[in-house]
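Numbering (our numbering), first residue to last: 1 to 457. For each residue, glycine too, the CB sits at the ideal point set by N, CA and C.
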Amino acid sequence: MNEQITIPADGIWILNRLQEHGYVGYAVGGCVRDALLHRTPHDWDFCTSATPEQIQACFSDVPCLTIGSQHGTIGVLRNHTVYEITTFRKETTYHDHRHPDAVQFADSLQTDLQRRDFTINAMAYHPETGIIDPFHGAADLQKRQLRCVGVPTERFTEDALRILRAVRFAAVYGLTIQPETAAAMERTAPFLKWVSAERILSECDRIVTAPYAAATLAAYCSIWFRLFPEMQPLQGFQQYHPRHAYDVWEHSLLALSHSDQQDTVLCWAALLHDIGKPACFHQDAAGIGHFYGHPAESAALAKQICKRLKMDRKRTDAIVALITAHEVQLLPQRSYLLRMLRKYGAVQTKRLLALRKADLQAQVPAYAEQDLQKLEQMQQLLQELLQEQACFQLKDLAIRGNDLLAMGIPKGVLIGKLLQDALEQVIRGKLPNEREALLQWVQERWNRRKQHQNPTD
């Protein structure tokens, strides 16, 4: 293949430096794949015939990071960017289905490439030689196909994380997993238990936020259900309601497909928002399905999943809160939205409306149309409130506790109550958020309270 790849100037400098010292070097792996897809690579990685010690000698005049040297990798710092340079490697046996028992250096690029997971990641490039593609990864990219290097069962048995990487690559690039590779994923899926929760979370975050997440999870749901058995009952669970033309799993995937891929919290919430429905199903005398209490049930199951993945507390709480409130009332009124902002904050309120919209977009259009119109009005009004910096929390209020102390109101819970009451008046539109008006209102409330406590004859 003669396609040219543009390597950054610092990458060319690295290749030239290696060559000046008598070693061969190549750009390798994901950067070559992404360049062939006309995407901007996130990182440029290189492989070389030089050993780690020889790499350090080549770049002795620039800072080097040696934290990965036991695996053959040296990081070279150039113009505030770290470029990883790894010695050609071959790997031995894997007893824990995750890590090689030993890393051995190899004497050829071919040997290094054949140890890699998928053909699309087993390509190298040098400006003088062009693409080096012994396993036809470029052809697989053109076919939109994901295929293992060598025997698929061996690749997944060596490192079970590759099973999730396969799902991730399919979801990110819109690939179909080659049948033999997909079958091997099924056979070796039990080895996923050897993969740490942190690594599973990292891959799953990238899967649920990928452009083709919904289609990929639909196609390879058996792998996903092995990680999240709580989701398996959703598949085929009919909702028996005129609002819903899809089973709960299909509905959840559609909601995910309508979610902002830049927001992992929103994507997880969309995927999990109805996970409690099977446990809450009730069919009335007319045959209509109902799921009373399913937001709370779904939130509880989602919390279990987040904890199992060792997701951080802040993100877990945000996901659980969204799912708990995902059936929020659609009321395009200023005071109602200000109360939402007061309760959830700006970021979560935006997410909550976005989740509600994704949920509606995954329903029968004729039933969802009116609600979607209300929702769009709410989103527009929310944007206006935030642009005008409307008052919806105590820190936005034009008065402070010190102002009330100066009026003679004793320090204590009463100060907080009066401030909250004043905020409520502003939210309801009964008072302007202006210092004098608020102080006058508080003074009147304080005077009435004192009169009530000390009545005259």
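Using the Cβ count rule (16 or more neighbours within 10 Å means buried), how would you classify residue i?
i    : result
Q453 : exposed
I207 : buried
S222 : exposed
G276 : buried
A362 : buried
Q387 : exposed
T456 : Confidence in T456 is poor, its pLDDT being 48 and thus under 50, which makes the residue's placement too unreliable to answer from.
H251 : buried
T498 : Limits of the chain in this structure are 1 at one end and 457 at the other, which puts residue 498 out of reach.
D312 : exposed
E384 : exposed
S49  : buried
Q239 : buried
D274 : buried
W224 : buried
F291 : buried
S319 : Looking at the sequence provided, one finds Ile at residue 319 rather than Ser. Classification of I319: buried, given that the 10 Å Cβ count is 16 or more.
Of the residues the options, which one's Cα is nearest the Cα of residue i?
i    : options                   : result
L381 : L439, L331, E250 and G72  : L331
F88  : G75, S222, R115 and I200  : R115
A270 : Q304, R199, G236 and A358 : A358
P190 : E198, V167, L161 and I177 : L161
C31  : I5, W13, T316 and D10     : I5
Q178 : L404, E158, E203 and G137 : G137
Q425 : G412, V413 and Q440       : Q440
L337 : R313, A318, Q377 and R315 : Q377
L18  : I67, Q70, T66 and V76     : V76
A299 : G287, D317 and E369       : D317
L272 : Q232, A286, Y292 and Q283 : Q232
V442 : G287, L414, R428 and Q239 : L414
R78  : V62, G68 and A122         : V62
Q262 : P211, E203, H282 and Q451 : P211
Q420 : F392, A122 and E369       : F392
Contact check, residue i vs residue j under 8 Å by CB: the rounded distance?
i    : j    : result
V28  : G72  : Not really, about 13 Å apart at Cβ, beyond 8 Å.
C267 : T209 : 5 Å
C58  : T86  : About 14 Å; that fails the 8 Å criterion.
K310 : E198 : 6 Å
A321 : Q348 : 6 Å
R435 : L418 : Not quite, the Cβ-Cβ distance comes to about 15 Å (not below 8 Å), so this is no contact.
L227 : I200 : 7 Å
L146 : I120 : 7 Å
S335 : G401 : Actually they do not touch by this definition, with Cβ atoms about 24 Å apart.
A122 : P152 : Between P152 and A122 the Cβ distance is about 13 Å, and since that is not below 8 Å, they are no contact.
Measure the CB-CB distance between residue i and residue j and report whether it falls below 8 Å.
i    : j    : result
T181 : F105 : no
L438 : I399 : yes
P134 : L113 : yes
A213 : A171 : yes
V248 : P278 : yes
T176 : R144 : yes
A354 : I323 : no
H241 : G174 : no
Q56  : C64  : yes
V265 : R351 : yes
E84  : D117 : no
L397 : N447 : no
Y26  : L141 : no
T81  : D10  : yes
H258 : V364 : no
T111 : T157 : no
A139 : I132 : no
E3   : L37  : no
Who does residue i pair with in a DSSP beta bridge?
i    : result
G75  : L65 and E84
H251 : H251 pairs with nothing; no bridge assigned.
A27  : F46 and Y125
T176 : Q145
R89  : F105
F118 : C148
Q283 : G289
G130 : H126
Please confirm if residue i has its CB atom under 8 Å from at least one CB of chain C.
i    : result
L397 : Of the chains in the structure shown, none is chain C; there is only one protein chain.
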